[in-house]
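Trainee: Got a structure for you, written out below as structure tokens; questions coming shortly.
Protein chains: 2
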Amino acid sequence: MAARVSFIGAGPGAADLITLRGARVLGAAQAVLFDALTDPALRAMAPQAEWIDVGKRGFAHATAQPTINALLLATAGRHSRVVRLKGGDPSVLGRLEEELDTLLAAGIDCEVIPGVTAALAAAADALRPLTRRGSGRSVSLTTAMTQLGSLHATRSADTEVFYMAGRQLGALSAKLLLAGWPGQTPVCVVSRAGWPDRRVSSHSVASLADAGPLHADRPAVVTVGAGGAALASAGTALSASPAKAPAATT
Amino acid sequence: MAARVSFIGAGPGAADLITLRGARVLGAAQAVLFDALTDPALRAMAPQAEWIDVGKRGFAHATAQPTINALLLATAGRHSRVVRLKGGDPSVLGRLEEELDTLLAAGIDCEVIPGVTAALAAAADALRPLTRRGSGRSVSLTTAMTQLGSLHATRSADTEVFYMAGRQLGALSAKLLLAGWPGQTPVCVVSRAGWPDRRVSSHSVASLADAGPLHADRPAVVTVGAGGAALASAGTALSASPAKAPAATT
């Protein structure tokens, strides 16, 4: 049988944020190439498969991209049902392009199964819609890191969501001010969005450095602008339902 | 038992694009308020529930928002497990804000379970990552329609994704040119993303009007810029694997 490689978005955190389609295809896999960031509980969905760790995505010690590409090709040569499992959604900051291009160039059948990207899980955890009637018609998803490893921030949409490392929040504040965001603009930070131990905190662009200690050493989603503001009634509700309250609110 | 309302993103199309978490909570619902746009197959996941149709989202004949808000409150008064099922992701162009605010103001416990928003499903269907190494670091999700019903387009991110009606593609072309997009900028149009009968077509900003007949009367996702371009090897692969090829490519 000809090989097919399925790129599957596992969602940002807990294993139950994968789609039904993703879980079904994962359950039929003979081999799974995965990033260390994804929930180990996903392994239980495909106990029959050979699981190949290709390293943490976006952090140090990651497997070099050409090595992952070569591994994908080799695995598709040995198995007919191969899954490339990625955190979040493969099409958003998932480094999908090179892997997909490599396989397509070799004539290998590919499909992409979308997933929940971290910005959506962060908005859900914080009960803060990314678009708002009247004030927030557009939302931009981006990484604050450039290819050369420097920090970069823009002001391009009503709501701007940055995928980044928690330890860089202080530096982001300065870059946001330089990009033209007023100091009092609301900012919501969620680290480990979608996980049971997620942390949610509220700030302004000017005071964002305060978020550093709470989110240090955790992958963070920083939502700036219209979508970063709490809803009018959210304070009441969060105190009324502690079970669903964010793990930390400052 | 105190009422809880769970806003669940059903994903953009076929029922199997809902998350495992969403399906589990849906399966325990006593009442489900849904939009006509979502896949009827979702109903089979909660046969025990009372299903309440609150109309097509974003189209004519929709139930007025205040009526939906009142229905949500009344349903939460009668049942302890209520689901508000929304197409795509609730936090992106899902009109979540007013419904959530209404319930929170009434002291009702709410949670949001994220879903796959249409832009991600369109990118997956077209095998075109929304971010690209070197050329596409940011992606903006927006609606081309203003609150007053006029068409609007911007050029704010490397990749701009518009959620819109297929019949407006010709008008969008003119607006994109006015917004500063060069005429030869690649554009990918996917209508009914995530569904088996999805349609995918390739254009440029200048030739986008050609897409009109193919996507008329279908909800469409229009991806402009870096993420709208086909991968270098995609042509080869699509012809090599007709089973996965888009339903139409022009």
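Top line first, the protein sequences correspond to chains Y and A. Each position in the first sequence, counted from 1, maps to that position plus 1304 in the working numbering. Each position in the second sequence, counted from 1, maps to that position plus 1304 in the working numbering. Heads up, the beta-carbon is just placed ideally off N, CA and C, and yes, glycines get one too.
Per DSSP, which residues does leucine 1407 (chain Y) bridge with? Please list them.
Mentor: Position 103 of the first sequence, counted from the first residue, corresponds to residue 1407 (chain Y). Paired residue(s): none; leucine 1407 (chain Y) is not in a bridge.
Trainee: Smallest Cα separation from threonine 1379 (chain Y): which of Y:Val1358, Y:Arg1399, Y:Asp1393, Y:Gly1391?
Mentor: Counting from one through the first sequence, the residue named residue 1379 (chain Y) turns up at place 75. Per the Cα distances, Y:Val1358.
Trainee: Which two residues bound the contiguous beta strand (DSSP E) that contains proline 1523 (chain A)?
Mentor: Looking up residue 1523 (chain A) in the second sequence gives position 219. First-last of the beta strand (DSSP E) with proline 1523 (chain A): 1523 to 1529.
Trainee: Mind listing the chain A neighbours of valine 1416 (chain Y)? Cutoff is C-beta to C-beta under 7 Å, in chain order.
Mentor: The sequence position of residue 1416 (chain Y) within the first sequence is 112, counting from 1. In chain order: Ala1428, Leu1431.
Trainee: Quick one: does isoleucine 1322 (chain A) have its CB under 8 Å from some CB of chain Y?
Mentor: Position 18 of the second sequence, counting from 1, holds the residue named residue 1322 (chain A). Cβ-Cβ to chain Y under 8 Å: yes for isoleucine 1322 (chain A).
Trainee: Provide the residue span of the alpha helix (DSSP H) that contains serine 1442 (chain Y), from first to last.
Mentor: Translated into the one-based positions of the first sequence, residue 1442 (chain Y) becomes position 138. Here serine 1442 (chain Y) belongs to no alpha helix (DSSP H); instead the beta strand (DSSP E) covers 1442 to 1447.
Trainee: Hey, could you find the ends of the beta strand (DSSP E) aspartate 1413 (chain A) is sitting in?
Mentor: Reading the second sequence from its first residue, position 109 is the one you call residue 1413 (chain A). Aspartate 1413 (chain A) -> beta strand (DSSP E) spans 1413 to 1417.
Trainee: What separation, rounded to the nearest whole angstrom, lies between the Cα atoms of alanine 1533 (chain A) and alanine 1538 (chain Y)?
Mentor: Taking the second sequence and counting its residues from 1, one reaches residue 1533 (chain A) at position 229. Taking the first sequence and counting its residues from 1, one reaches residue 1538 (chain Y) at position 234. The straight-line gap from Cα to Cα measures roughly 41 Å.
Trainee: So with CB distances below 7 Å, who are the chain A contacts of glutamate 1401 (chain Y)?
Mentor: On the first sequence, residue 1401 (chain Y) is found 97 positions in, with the first residue counted as 1. Pro1433, Arg1436, Arg1437, Leu1535, listed in chain order.
Trainee: Could you pull the start and end residues of the beta strand (DSSP E) that isoleucine 1356 (chain Y) belongs to?
Mentor: For the purposes of this step, residue 1356 (chain Y) is taken as the residue at position 52 of the first sequence. 1354 to 1357 is the extent of the beta strand (DSSP E) around isoleucine 1356 (chain Y).
Trainee: Please go through the same chain and pick out, in chain order, the residues whose beta-carbon is closer than 7 Å to the beta-carbon of aspartate 1521 (chain A), but skip the five residues on each side of it.
Mentor: Looking up residue 1521 (chain A) in the second sequence gives position 217. Here the set comprises Gly1470, Arg1471.
Trainee: Which runs of the beta strand (DSSP E) at least 3 residues long sit entirely within the stretch 1311 to 1341 of chain A? Give them in chain order.
Mentor: Complete beta strand (DSSP E) runs here, min 3: 1335 to 1338.
Trainee: Just mark glycine 1529 (chain A) as buried or exposed, buried being the case when its beta carbon has 16 or more other beta carbons within 10 Å.
Mentor: The count along the second sequence starts at 1 and reaches residue 1529 (chain A) at position 225. Classification of glycine 1529 (chain A): buried, given that the 10 Å Cβ count is 16 or more.
Trainee: Run the CB neighbour count on threonine 1275 (chain Y), radius 10 Å, all protein chains shown included, and call it buried at 16 or more, exposed below.
Mentor: Nothing in the structure corresponds to residue 1275 (chain Y), since chain Y is present only between 1305 and 1554.
Trainee: Measure the C-alpha to C-alpha separation of leucine 1397 (chain A) and alanine 1335 (chain Y) and round it to an integer number of angstroms.
Mentor: Here residue 1397 (chain A) refers to the residue found at position 93 of the second sequence. Here residue 1335 (chain Y) refers to the residue found at position 31 of the first sequence. Each residue's Cα considered, the two are about 37 Å apart.
Trainee: So is aspartate 1339 (chain Y) in contact with chain A if we call contact Cβ pairs under 8 Å?
Mentor: Residue 1339 (chain Y) sits at position 35 when you count from the first residue of the first sequence. It does not; no Cβ of chain A falls within 8 Å.
Trainee: Using beta-carbon positions only, say whether threonine 1406 (chain Y) and leucine 1375 (chain Y) come within less than 8 Å of one another.
Mentor: For the purposes of this step, residue 1406 (chain Y) is identified with residue 102 of the first sequence, where counting begins at 1. For the purposes of this step, residue 1375 (chain Y) is identified with residue 71 of the first sequence, where counting begins at 1. No, these two residues do not count as a Cβ contact at 8 Å.
Trainee: Shortest alpha-carbon distance to serine 1506 (chain A) belongs to which of A:Arg1496, A:Leu1518, A:Pro1500?
Mentor: Against the second sequence, residue 1506 (chain A) aligns to sequence position 202. Comparing Cα-Cα distances from serine 1506 (chain A) to each of A:Arg1496, A:Leu1518, A:Pro1500, the minimum goes to A:Leu1518.
Trainee: Between A:Arg1437, A:Arg1328, A:Leu1512, A:Thr1421, which lies nearest to threonine 1446 (chain A) when the distance is taken from Cα to Cα?
Mentor: Taking the second sequence and counting its residues from 1, one reaches residue 1446 (chain A) at position 142. It is A:Thr1421.
Trainee: Quick check on leucine 1389 (chain Y) - is its C-beta less than 8 Å from some C-beta in chain A?
Mentor: For this step, residue 1389 (chain Y) is matched to residue 85 along the first sequence. Leucine 1389 (chain Y) does not count as touching chain A.
Trainee: Tell me which residue opens and which closes the beta strand (DSSP E) that arginine 1385 (chain Y) is part of.
Mentor: Mapped onto the first sequence, residue 1385 (chain Y) falls at position 81. Its beta strand (DSSP E) spans residues 1385 to 1390.
Trainee: Taking the alpha carbon of arginine 1503 (chain Y) as the point to measure from, which residue in Y:Leu1431, Y:Gly1438, Y:Trp1485 has its own alpha carbon closest?
Mentor: Locating residue 1503 (chain Y) in the first sequence gives position 199, counting from the first residue. When only C-alpha atoms are compared, the closest one is Y:Leu1431.
Trainee: Of all Cβ atoms in chain Y, is any one closer than 8 Å to the Cβ of glycine 1398 (chain A)?
Mentor: Along the second sequence, one-based indexing puts residue 1398 (chain A) at 94. Interface residue, yes.
Trainee: Along chain A, in chain order, which residues have C-beta atoms closer than 7 Å to that of glycine 1315 (chain Y)?
Mentor: Indexing the first sequence from 1 puts residue 1315 (chain Y) at position 11. Within chain A, the residues near glycine 1315 (chain Y) are Thr1323.
Trainee: Spatial neighbours of glycine 1448 (chain Y) within its chain, please: CB distance less than 8 Å, with the 5 preceding and 5 following residues excluded, ordered by chain position.
Mentor: The count along the first sequence starts at 1 and reaches residue 1448 (chain Y) at position 144. One detail in the question is off: residue 1448 (chain Y) reads as alanine in this sequence, not glycine. Contacts found: Leu1455, His1456, Ala1457, Phe1466, Tyr1467, Met1468, Gln1472, Leu1476, Lys1479, Val1526.
Trainee: To the nearest angstrom, how far is it from the Cα of glutamine 1488 (chain A) to the Cα of aspartate 1501 (chain A)?
Mentor: Position 184 of the second sequence holds residue 1488 (chain A). Position 197 of the second sequence holds residue 1501 (chain A). If you take the alpha carbons of glutamine 1488 (chain A) and aspartate 1501 (chain A), they lie about 28 Å apart.
Trainee: Quick check: what's the CA-CA separation for alanine 1425 (chain Y) versus aspartate 1339 (chain Y)?
Mentor: The sequence position of residue 1425 (chain Y) within the first sequence is 121, counting from 1. The sequence position of residue 1339 (chain Y) within the first sequence is 35, counting from 1. Rounded to the nearest angstrom, the two C-alpha atoms are 19 Å apart.
Trainee: Can you give me the C-alpha to C-alpha distance between alanine 1513 (chain A) and alanine 1524 (chain A), rounded to a whole angstrom?
Mentor: The sequence position of residue 1513 (chain A) within the second sequence is 209, counting from 1. The sequence position of residue 1524 (chain A) within the second sequence is 220, counting from 1. Distance between the alpha carbons of alanine 1513 (chain A) and alanine 1524 (chain A): 13 Å.
Trainee: In the DSSP output, which residue or residues are listed as bridge partners for valine 1465 (chain Y)?
Mentor: As a working note, residue 1465 (chain Y) is residue 161 in the first sequence. BP columns for valine 1465 (chain Y) point to Y:Leu1445, Y:Thr1527.
Trainee: Classify proline 1418 (chain A): buried if its beta carbon has 16 or more other beta carbons within 10 angstroms, exposed otherwise.
Mentor: In the second sequence, residue 1418 (chain A) corresponds to position 114, counting from 1. Per the 10 Å Cβ criterion, buried.
Trainee: Looking at the C-beta of aspartate 1405 (chain A), does it have a partner C-beta in chain Y at a distance below 8 Å?
Mentor: By one-based count along the second sequence, residue 1405 (chain A) stands at place 101. So, interface residue.
Trainee: Do alanine 1428 (chain A) and serine 1444 (chain A) have their CB atoms nearer than 8 Å?
Mentor: Translated into positions along the second sequence, residue 1428 (chain A) becomes position 124. Translated into positions along the second sequence, residue 1444 (chain A) becomes position 140. In this structure, serine 1444 (chain A) does not lie closer than 8 Å to alanine 1428 (chain A) by Cβ.
Trainee: Taking 8 Å as the CB-CB cut-off, is arginine 1502 (chain Y) touching chain A?
Mentor: Position 198 of the first sequence, counted from the start, is the residue given in the question as residue 1502 (chain Y). With 8 Å as the cut-off, arginine 1502 (chain Y) does not count as an interface residue toward chain A.
Trainee: Kindly say whether glycine 1419 (chain Y), judged by its beta-carbon, lies nearer than 8 Å to any beta-carbon of chain A.
Mentor: Within the first sequence, numbered from 1, the residue matching residue 1419 (chain Y) stands at position 115. Yes, its Cβ sits closer than 8 Å to a Cβ of chain A.
Trainee: Once DSSP output is grouped into helix, strand and coil, what is the label at histidine 1519 (chain A)?
Mentor: Here residue 1519 (chain A) corresponds to residue number 215 of the second sequence, with the count starting at 1. Helix, per DSSP.
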